[in-house]
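Using the working numbering, the letters of the sequence shown correspond one by one to residues 10 to 368. Here the structure comes first, spelled out in structure tokens, and everything after it is commentary.
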Amino acid sequence: METGLETAGSAGVSPAHDAGGTPALPGKTPLLEADNIRRHFRVRRSGWFGASATLKAVDGVSFQVAPGRTLSLVGESGCGKSTTARLALGLLPLSGGAVRFAGEPVGATYDAAWRLQRQRLQLVFQDTMGALDRRIAVGRQIIEPLEIHGIGSPAEQRAQGMALLDAVGLKPHVFDRYPHELSGGQRQRVVLARALILKPQLIACDEPIAALDVSIQAQVINLLIDLQERFNVAYLFISHDLKVVRQISHAVAVMYLGRIVEHGTPDRLFRQPEHPYTRALVSAIPVASPARARQRLLLSGDPPNPVDVPTGCAFHTRCPVAMPACRTQTPELRALPDGHRVACHLAHGDAGLPATEAA
């Protein structure tokens with residue numbers, strides 16, 4: 010199906026199947042639901058004996074992922090994307106809110122029910138050499154989850170491992186190779202095969218292509234799309250590369266300082282971003298044709314200290330169109346008439362501004 014998305018700057022990458030996003034997918038029951046989830050850490054402001062403070066890594070995030078769909082989380086480093094993914098998979102305890110997977114609660118309980126649920130939830134890390142044990146052949150690492158959960162005989166486990174090697178485009182001889190003998194792209198395919206061995210329903214991909222060459226990135230993204238079509242697996246995809254996000258996603262959530270500030274389909278979000286922060290991110294996407302080059306929106310200053318988040322809208326200290334209400338009133342993530350959601354006073358015509366002027 011067509012997405013209506015441009016492919017400039019993403020040669021060789023197949024677009025996602027359609028532009029349907031979450032929530033409000035007709036006929037699609039949410040597979041993963043995060044409801045106002047929070048994760049706060051106690052930190053010291055200075056030294057071992059300094060005053061303690063609260064770092065709000067994730068502060069009231071809500072989203073849904075439907076079966077066989079991809080939700081991407083984007084934003085600057087430190088905005089809480091990876092922490093959100095770990096909360097969604099039950100790898101970190103929640104400070105508040107709730108996560109449900111297939112209608113069942115998800116939490117870092119580490120009991121038998123949690124281990125059973127982990128079979129359906131997997132995580133792909135950015136650093137493949139860190140994710141793989143250099144002392145063990147990659148084939149053994151692919152089938153290790155089957156051994157841990159006692160699934161199948163040794164012969165059946167090896168057969169499944171060989172079948173997945175073929176599914177991710179690797180030759181049979183790779184089964185007995187070690188991680189250092191493989192390229193970065195091959196290691197990433199091995200990590201994907203290991204994540205798929207238990208037939209999960211959702212995989213969180215944390216910067217899965219950041220360390221790869223551009224040509225290999227396109228191959229891995231195409232592989233992810235093909236595997237999604239073949240196994241109907243859902244992705245929670247984290248990336249800084251907005252070109253890739255535009256191609257692979259069915260929905261995109263933009264995060265800033267632990268909160269989602271904009272959420273919608275990739276076509277709508279990249280064509281007409283509403284939040285000033287999203288506009289700055291989109292303006293930085295390189296395009297292939299100089300004639301289509303967009304004006305770059307440069308943000309002043311650095312992101313605020315997450316321990317001392319500004320009052321009101323957290324982005325107002327860097328926002329070029331901030332108004333007095335932005336400094337005192339925290340905007341809620343609300344839907345526009347077309348269903349696109351944004352947390353911005355101007356986008357909703359708040360503080361006495363007409364909606365047409367605010368937009």
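Backbone N, C-alpha and C define an ideal beta-carbon position, used for all residues, glycine too.
Check	Outcome
Under the three-state DSSP convention, the category K90 falls into	helix
Bridge partner(s) assigned by DSSP for V261	S81 and G273
Contact between the region 179-186 and the region 205-225 (3+ Cβ pairs under 8 Å)	no
Where the alpha helix (DSSP H) through P163 begins and ends	P163 to A176
First through last residue of the beta strand (DSSP E) which encompasses P114	E113 to V115
Rounded separation between F279 and G161 - CA only	46 Å
7 Å CB neighbourhood of T326 in its chain, flanking five on each side removed	G310, P313 and P319
Exposed unless 16 or more other CB atoms sit within 10 angstroms - verdict on V330	exposed
Same chain, Cβ closer than 6 Å to L251, neighbours up to 5 away in sequence not counted	I294
Alpha-carbon to alpha-carbon, M264 and R203	29 Å
Boundaries (first-last residue) of the alpha helix (DSSP H) holding T63	No alpha helix (DSSP H) contains T63, which is instead part of the beta strand (DSSP E) from S61 to V74.
CA-to-CA distance, R305 to A117, given in whole angstroms	42 Å
Status (buried if at least 16 other CB within 10 Å, exposed otherwise) for D317	exposed
Distance CB(V108)-CB(T92) smaller than 8 Å	no
Y244, enclosing alpha helix (DSSP H) - first and last residue	Looking at the DSSP string, Y244 is not in any alpha helix (DSSP H); the run it does join, the beta strand (DSSP E), is A243 to I247.
Buried versus exposed call for H284 [16 or more other C-beta atoms within 10 Å across all chains shown]	buried
Beta-bridge pairing of H369 - partner residues as DSSP gives them	Within the shown structure, residues of the chain are numbered from 10 to 368, placing residue 369 beyond reach of any answer.
Beta bridge counterpart(s) of C214 as assigned by DSSP	V133 and F246
L41 (DSSP reduced to helix, strand or coil)	strand
8 Å Cβ shell around T31 - same chain, five flanking residues per side excluded	Any reading at T31 is ruled out, since the residue's pLDDT is 40, under 50, leaving its predicted position unreliable.
Endpoints, the alpha helix (DSSP H) within which V318 is located	Element bounds for V318: n/a, residue is neither H nor E.
Cβ neighbour criterion (16 or more within 10 Å) applied to H189	exposed
Coil, strand or helix - R343 by DSSP	strand
Contact under 8 Å by Cβ, D215 with Q135	yes
Proximity of L211 and L130 at Cβ, strictly below 8 Å	yes
Residues bridged to G105 (per DSSP)	R47
Same chain only: Cβ atoms within 7 Å of P35, ignoring 5 sequence neighbours per side	Note on P35: pLDDT 41, under 50, position unreliable in the model; the coordinate value appears next. Once the five neighbours on either side are set aside, P35 has no close Cβ partner at all.
Minimum C-alpha distance to I46 - residue among D175, R95 and S292	R95
Beta bridge counterpart(s) of R350 as assigned by DSSP	H272 and A344
Beta-ladder partner(s) of F184, from DSSP	Note: F184 sits in no beta bridge, so no partner.
Secondary structure of R54, DSSP reduced to three states	coil
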